[in-house]
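For reference, the structure is listed below as structure tokens.
Numbering (UniProt numbering), first residue to last: 1 to 65.
Printed below as a string of structure tokens:
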């Protein structure tokens with residue numbers, strides 16, 4: 001699967017978030033890493049739905065809640 005411009009931008013932000021997290025103390029690091037992981041999961045779900053032509057369905061809206 002090729003990356004869209006949006007996916008590439010999101011991946012860049014996730015990478016930057018992870019780099020920043022590594023400079024934070026324990027609980028803050030874990031919180032930011034968890035948020036980065038969640039954003040990555042949502043991005044992958046959206047890409048999968050879009051690849052199947054379901055990028056604008058009720059399932060998508062439910063997935064991002």
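Ideal placement from N, C-alpha and C gives every residue a C-beta, glycine not left out. Only a predicted model underlies this, so the values are computations on that prediction, with no experimental measurement involved.
Where residue i falls, given that 16 or more other Cβ within 10 Å makes a residue buried
i: residue 10; result: buried
i: residue 1; result: Caution is warranted here: a pLDDT of 48 is assigned to residue 1, below 50, making its placement in the model unreliable, and the coordinate value is therefore given only provisionally. Exposed.
i: residue 51; result: exposed
8 Å Cβ cutoff met for residue i and residue j
i: residue 21; j: residue 36; result: yes
Nearest residue (CA-CA) to residue i, options the options
i: residue 15; options: 26, 4 and 32; result: 32
i: residue 6; options: 62, 18, 26 and 39; result: 39
Where the alpha helix (DSSP H) containing residue i begins and where it ends
i: residue 27; result: 26-51
i: residue 17; result: 5-21
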